[in-house]
Amino acid sequence: MQAYYKQNRKEIKNKKIVISERLVDKQGNVVVWEIRPLSQKENENILKKCRAMKEEGKQNLYEVMVLVESVVFPDLSNVELQNKYHVIGKEALLLEMLTAGEYEKLKNVVEEVQ
Numbered sequence: 061m062q063a064y065y066k067q068n069r070k071e072i073k074n075k076k077i078v079i080s081e082r083l084v085d086k087q088g089n090v091v092v093w094e095i096r097p098l099s100q101k102e103n104e105n106i107l108k109k110c111r112a113m114k115e116e117g118k119q120n121l122y123e124v125m126v127l128v129e130s131v132v133f134p135d136l137s138n139v140e141l142q143n144k145y146h147v148i149g150k151e152a153l154l155l156e157m158l159t160a161g162e163y164e165k166l167k168n169v170v171e172e173v174q
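The numbers in this note's numbering rise by one with no breaks, and the one at position 18 of the sequence shown is 78.
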């Protein structure tokens, strides 16, 4: 029974991975993203927000919200970063920042981490 105790469970580690070869630091090094698993409670909160919406766009919103909440780095809530992309909000930033292929790669990594 002790194997089920919270203090005895193994924690899932965040994953560090290159999502985009286009995003580089000042030295030209590719920037590594950090992805974390969401708890079921966090997932339920996202679902609750999506259920409050009209039917149109619900699935897409759920997907992008899960991705955004899973990204530890870069900080998608950073207003300065959002301003550089001329967007407001984490979801809008992610959609503007990545190409379709990079978005798909991020989605696959997030699914793997979960």
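Ideal Cβ placement from N, Cα and C applies to all residues, glycine included.
Notebook entry, point to check: Buried or exposed: which applies to Ile95, given that a residue is buried once 16 or more other Cβ atoms fall within 10 Å of its Cβ?
Noted result: buried
Next item on the list: Quick one: grab the DSSP three-state call for Val84.
Entry: strand
Check: Any idea which residues DSSP pairs Ile77 with across the strands?
Finding: Trp93
Checklist line | Closest Cα partner of Glu81 within the set Gln174, Leu166 and Lys101 | finding: Leu166
Next item on the list: Mind checking which residues open and close the beta strand (DSSP E) that includes Val147?
Entry: It is not in any beta strand (DSSP E) - Val147 carries neither H nor E in the DSSP assignment.
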